Every structure is written in structure tokens, then in C-alpha cells.
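Down below is the structure, laid out as C-alpha cells.
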Ligand code: SF4
Ligand code: SF4
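In our numbering, the protein residues as written are 54 to 172.
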């Protein structure tokens, strides 16, 4: 999702609340590598398997990611935008060909939101 307040994600935040956000554990920051500014903060993750982790809160796909914030003024925001894991970077409103991402559209409709215009 985006943190740009003009972006439709501002009013939505559904992909951060309804999906399990899992990724290779190598994306998690480690103190030894001094990579905490570019990798996912470890305290915000849960280990699923020896090689797989997920964002804390998304284990069952029924709760929001712990890194998601919301307030009336700014709507939904990712508080670790520059450190978010690869699934979050890959999930967008639009596909590469400009069509709507069907899962994004499904999540929006389930939340009572309209489809994002394609033009
Ligand atoms: S479901 Fe789509 S519109 Fe909603 S926050 Fe995610 S990417 Fe943005
Ligand atoms: S890390 Fe950010 S973009 Fe990814 S699910 Fe959590 S709040 Fe959403």
C-alpha cells in the first residue's frame, strides 16, 4: 500500500488487514549486518517456519499488520514504508498492463469501497 494521502490506499488499507503477509526471513534486519534502515524490523515479524516469516498481526489473515496505522486525518499509513517486505512492494492497485489488480479490487469491494478508476 501507499502512504501518499492522494492515493486510494489512504481510505482503504485492506491488503494490510486481510492478507497474510509472508516473506523470506532474510528480509528481516539483523544487528550484525547493520541493515535496520532497509530491512524489516524484527520485532514486527513472526517466524512461521525456519525460512519464512510474516508481518506480526497478519498470521491468520484476520487482523491488521502491526505496522499499519490509521487516523482520521491521514487515513491508513504504513509506518515502515521504506522497510516494508517484498509482498508489500509487489502488491499494487494496478497490474503492469494498467488493469486493476483483481485481489485489490475484491478487497475494496468487500470493504464497501468503489473500484479505483483505471483512467
Ligand atoms: S487493497 Fe488496494 S487500494 Fe486497498 S490499500 Fe491495498 S493496494 Fe491500496
Ligand atoms: S508492512 Fe506496511 S505495507 Fe506491509 S502489510 Fe504492514 S502496514 Fe501494510
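Built from N, CA and C at the ideal position, the CB exists for glycine as well.
Here the structure is a predicted model, which is why all the values come from computation and not from measurement.
Check	Outcome
Inter-residue CB distance, residue 93 and residue 80 (contact presumed, cutoff 8 Å)	5 Å
Contact belief for residue 117 with residue 70 at Cβ below 8 Å, rounded distance in angstroms	4 Å
Environment of residue 142 [buried if 16+ CB atoms lie within 10 Å]	exposed
N- and C-terminal bounds of the beta strand (DSSP E) containing residue 163	Here residue 163 belongs to no beta strand (DSSP E); instead the alpha helix (DSSP H) covers 155-163.
Pick from 156, 95, 108 that is closest to residue 73, judged by C-alpha positions	108
Nearest neighbour of residue 68, chosen from 164, 82, 171, 172 [CA to CA]	164
Beta-carbon proximity check, residue 105 vs residue 77, cutoff 9 Å	yes
Cutoff 6 Å; reference residue 64; Cβ partners in own chain excluding five residues on either side	128
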